[in-house]
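First the structure, in the form of C-alpha cells, and then the observations on it.
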Amino acid sequence: MAEKTSTASESSLGMMEGLRSYIPNKGWEELSPEKKENSLNGPQEDDFFADEYEPIPNTQIEGIEKKPVLEEDFLEQDLADIADNTSIDSLARRVAQTNSLVDSALGNKDGNSKKDTDAVKQLDQLGTSLSDLFSDLYKEPSQTTGSPWESVSDAFDQLSSEVKKRENLRKQLTSTQEKINLCRKDLIKTIERLAHDEQERLTVVKMRSRLATVMADKLLKKLK
C-alpha cells in the first residue's frame with residue numbers, strides 16, 4: 006500500500022489506518038489517535054490561508070494609482086484598448102478632439118447670440134475635422150474613392166452658412182429695433198411738444214378773456 010501524507014481536505018482521516026505525517030529533522034511518523042482527531046478539527050483547504058492574507062483597506066485601494074484612460078472625456082470602454090497601440094494613438098486623440106468640437110459647435114441649441122460667432126468658427130472646424138478624420142480611416146492603397154463623410158462635411162458647411170445668415174439677420178433685426186425705438190422716442194417728444202404748445206395757447210386765451218372781462222366791467226362802471 007502506497008504511503009499517503011496527511012492533508013486537511015481528507016475528512017475521513019480518522020477512519021483510515023497506516024497514515025503517517027512528515028516531521029522536519031525527524032522523518033515520517035505514525036499519526037497517533039490524538040493527532041488524527043486534531044487533524045479532523047484543523048483548518049480545511051478553503052480556510053487554510055485565511056489567516057495568511059488580510060483584506061486591503063479601502064484607503065489603500067483608493068491610493069493605488071489608476072492607469073489613465075486615453076481621452077476619457079470621449080473614448081468609451083469599447084475603445085479604451087487602443088490606448089496600448091501606439092500606431093493609432095494619434096488617431097484616437099484626433100477622434101477625441103473631433104468629439105470636443107461636436108460638443109462645442111452643437112452645444113448652442115437655444116440660439117444664444119453670444120455663442121453664435123464662436124459656433125460658426127467651430128462648425129467650420131468640425132466639418133473639416135470630420136472630413137480629414139474619416140478620410141484617414143477610409144484610406145486604403147487599393148481604394149481611390151473619397152470618404153463618404155465628405156457629404157457630412159458639406160452638410161456642416163451648409164449649416165455654418167445658415168448660422169451666419171441667422172447671425173446677420175439677428176444683427177439686422179437689432180438695428181431695425183433700435184430704429185423703431187428711436188422713432189418712438191421722436192414721436193413721443195413731438196406729441197409732448199404739441200401738448201405743451203396747446204397748453205400755453207390755452208393759458209394765453211384764458212388770460213386774454215379774463216383781461217377783456219375786467220376791462221369791460223371797468224369801462225361800464227366809468228360810463229355809468
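Residue numbers (this note's numbering): 6 to 229.
We put the CB at the ideal spot given by N, CA and C, even for glycine.
In this text, all values refer to a predicted model and were calculated from it rather than measured experimentally.
Contact between Val100 and Leu138 holds: CB atoms are separated by about 7 Å, below the 8 Å threshold. Nearest to Gln163 by alpha-carbon distance, out of Leu228, Ser180, Val125 and Ser140, is Val125. Annotation: Ser180 to Leu192 spans about 18 Å, alpha carbon to alpha carbon.
Rounded to the nearest whole angstrom, the CA to CA distance from Arg198 to Val209 is 17 Å. For the pair Asp108 and Gln130, the Cα-to-Cα distance works out to about 12 Å. Between Leu135 and Val157, the C-beta gap is smaller than 7 Å, which places the two residues in contact. Ser214 is classed as exposed because its beta carbon has fewer than 16 other beta carbons within 10 Å across all chains shown.
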